[in-house]
Each structure stands twice: as C-alpha cells, then as structure tokens.
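Read through the structure below, which is laid out as structure tokens, and then see the notes.
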Amino acid sequence: MRRSLSVFILGVLLAGGCRQADLPRAKESPEWAEAAESFYNDAMSVKAPDTAQPFSIMAVKHGKVVFERWYDGRQPDSPAEVYSVSKTVLALATGFAVEEGLIKVEDKVMDYFPDRLPENVSDTLAALTIRHLLTMTGGFEESPKLLSVFKSGADHDFDWIKEFFASRQAHMPGTKFYYNFFNTYILAAILENTTGEDVLDYIRPRLLEPLHITDVEWDDSPAGICVGGWGMRLCTEDMAKLGQLLLQRGRWKGRQIVPAGWIDTMTAGQVGSSPVNAYSKNMDPAVLADPQNDHSQGYGYYVWQGKYGTYRMEGMRGNLVIVNPRKKIVLVFTSDSNMDQGYLDLIWKHFARLM
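Add 2 to a position in the sequence shown, counting from 1, and you land on the number used in my numbering.
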C-alpha cells in the first residue's frame, strides 16, 4: 500500500502488521538496558521548546538482539515514519539497478529527462550524474517551491522534475556537498523510468521479501512517482534488519542480496560533509565546523559517516540506524525529537562506551 504525499504530513506511528522476531534473540544485556534507561530518562528531561521523545530502542550485537524496548504506548508491530532513512533504502534500490545493467552511476541525469529540461542547459546541469545525486553533490540549492513540498506535505500541482532542473545550481557537480531532499526524487524517477516499476515494487522481491519486511508503505508524489528520500514507514526490527544487511556487506542468511562492493561504496566516506558545503544553511557554520559534529564526518551514498567507527542511516526527528562494523553492532532508534545534533549527543553520552 502506498500513500499520497498529502498523508505524509501526518507522519505518525501507525497500527500495522510488521513481521516480528525475525532476528535471533540473546539474553538481554544488563549493560545495554542500563544505558537505555539512563538515555530515556535524560531524553525525557529535555525542556521545551526542545523535544526528545524516544519511541523505541533496539540493539543488535553479532546478529542477535541484546536489548529492545518500546515507549509511549508503541508496540513492536507499530511502523514508524522514518523520514530520510528512506534515502538509504533508495541507495540499495539503485545498487540493484546498477547490478542489473539498467543504469550506471556516471550516467548523465539530463539524458533521462529530455522533455523536462530548461531551454538553455547549463554546463553545470550537463555535468550532473547519478553519482552526484547519491552523494548530495549536485550543486543545487533548495528550490523554495520544492522545499515547501517537504515542509508542508501539500500535493503541489507543479512538475517537481522541471522545478528541480530550473533550481539554481550554485556549484559545479562534485565540488560541494549540499543536502537537497529532491536529489532523491530525481533518482527515484530515474529508477522508475528504467525499471518500469515503482521503486517499492522493484525492491520487494529483491530486498524486502528476503528480509521478511512486510506491509511497507512509501509515499508517492502527485505525479505517482515514489518520493524517494522520505515517506517510508518501517518497524523497529525492520530497520535493524536493514542495518544488519549493511553490516554483513549485503549478505543475508547465506545469500548475497546486494553486491558487497556496492555496500562498501555506499557506507564509505565518498565526500566531505562539513562547511562551506553545509548540511543545512540554517545551522551555525561554527557548529558544523566542529570536528565532533556528527554531520561533519563525511557522506557516502545516502549514508552518513559517524564517530567511533560508525556509519548511520539517519531520518529527521531522531530516527536512526547506527552501525559499527568492527564491533558488529546495530543500534536503532525511533523517536520524535527536534534536537538534531543534541539528540545524537544524548545517544553518545549514554551509548558511546558500548559502541
């Protein structure tokens, strides 16, 4: 089932039918339980106007769940709106299309949309490749019209693809990191154009069914194209399984689901992510320049590099899948937080000793 973008703005946890207990369980770890309890208490003590409400925490070590807890009335089968965690799933979908010879990361984006381009194609637009979309280095600034789509959730009736190409391209592709939500929409449109399927149907037999991820939803644009970079709903354990798949370099229950080389490329630091190429133009450049800032550690293919040897799938409002390959740990959070770096600081305060 898929939803129109008008429903996206609701963005709440929904009743659902997620398959549970696919990952093996170990005896609950007292260390992880203690860390989670202190983290939860700390998060709930945050004063307004900030918010830091955890909904669930799951820790997987060496492939076994060592801690799991749900809060605020949530249940194991409650899907969460995971926001930009969707982007990492889109990167996995792209890997399948590359493996099947349908696209190449060095393909020029303009070649897929000959009828949506501006009358005069600039050198910067002509240079734009799929790899630039994957690494957020396309050089585009946010279009006010497109940004209003994301912020309001309204079903705007203009052509998102044409609007993207008409946006200001401030830098030559590949030279600056600039986080733009609609890079992912263009990539989703390319995938749907080349595969002949919507993205969700395309990944169902390749990714979702092997991992027993069921009853997934992913928002469409008014044009019927998967939005790509947000709008997916997943249960906590489904998020953990995706993190475990990354940790295992694309291998699942003895089968290579995703090429190991693609996972290695996705999860490696492909580009720098600190200023001038800021994660958000509204963030203080001095904060972004801090080497301890979690958004200054580098960026792969829709995967953030992290501290303590980690990388992560990250969605706004504190929805996270943190992976430590060396220690074989996957740590998952669903939440409703507006603290951004502050929420990650809370996580490291209580969990860094275990990561």
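We put the CB at the ideal spot given by N, CA and C, even for glycine. Please read all numbers here as calculations on a predicted model, not as lab measurements.
Q: Answer yes or no: do GLU144 and PHE115 have a C-beta to C-beta separation smaller than 9 Å?
A: no
Q. How many angstroms separate the CA atom of ASP414 from the CA atom of LYS106?
A. Absent from the structure is residue 414, since the part of the chain shown begins at 3 and ends at 357.
Q) What span of residues does the beta strand (DSSP E) with PRO56 cover, start to end? A) 54-63
Q) Beta-carbon separation of VAL332 and ALA242 under 9 Å? A) yes
Q | Contacting residues, own chain, Cβ-Cβ under 6 Å from HIS352 (five flanking each side not counted) | A | ALA37, SER40 and PHE41
(Q) Along the chain, where does the alpha helix (DSSP H) containing MET46 start, and where does it finish? (A) 32-46
Q) Is it true that the CB of ALA35 sits closer than 9 Å to the CB of PHE57? A) no
Q. What's the call for VAL278, buried or exposed, on a 16-neighbour Cβ count within 10 Å?
A. Annotation note: pLDDT 44 at VAL278 (below 50); position unreliable, no value reported.
Q | Spatial distance of ALA129 from ASP113 (CA atoms) | A | 11 Å
Q.
Which of the three DSSP states is assigned to GLU165 in this structure?
A. helix
(Q) For GLY302 and TYR313, which I take to be in contact (beta-carbon distance under 8 Å), what is that distance rounded to the nearest angstrom? (A) 7 Å
Q. Are MET32 and GLY65 closer than 9 Å when you measure CB to CB?
A. A small fix is needed here, since residue 32 is Pro in this sequence, not Met. Not a contact, by the Cβ cut-off of 9 Å.
**Q.** Simplified DSSP assignment, three categories, for MET315
**A.** strand
Q: Buried or exposed for GLU239, please, with buried defined as at least 16 other CB atoms from any protein chain shown within 10 angstroms of its CB.
A: buried
Q: Would you kindly report the start and end of the unbroken alpha helix (DSSP H) that includes SER150?
A: 146-154
Q. Which residues bound the beta strand (DSSP E) around LEU210?
A. That residue, LEU210, is in no beta strand (DSSP E); it is neither H nor E in DSSP.
(Q) Distance check for TYR85 and ASP338, CA to CA, integer angstroms please. (A) 11 Å
Q) With VAL111 and LEU136 assumed to form a contact (beta carbons below 8 Å), what rounded beta-carbon distance in angstroms separates them? A) Contact doesn't hold; Cβ gap of about 11 Å is too wide.
Q) Over what stretch of residues does the beta strand (DSSP E) that includes LEU333 continue unbroken? A) 331-339
Q.
Please return the same chain residues whose Cβ sits closer than 7 Å to the Cβ of ALA168, not counting the five positions on each side in sequence.
A. PRO120
(Q) Please report the distance separating the alpha-carbon of ASP347 from that of ILE215. (A) 30 Å
Q. CA-CA distance, LEU249 and GLU70?
A. 19 Å
Q. DSSP three-state call for ILE105: helix, strand or coil?
A. coil
Q) Per DSSP, PHE98 is paired with what? A) The partner list for PHE98 (beta bridge, DSSP) is empty, contrary to what the question assumes.
Q.
Mapping the DSSP letters down to three states, classify ARG355 as helix, strand or coil.
A. helix
Q) In its own chain, which residues sit with a C-beta less than 7 Å from the C-beta of ILE265, not counting the 5 before and 5 after it? A) LEU248, ARG251 and GLY252
(Q) Using a 10 Å radius around the Cβ and a threshold of 16 neighbouring Cβ atoms, would you call ARG133 buried or exposed? (A) buried
**Q.** Simplified DSSP assignment, three categories, for GLY258
**A.** Inspection of the sequence shows that residue 258 is occupied by Gln rather than by Gly. DSSP places GLN258 in strand when its eight states are reduced to three.
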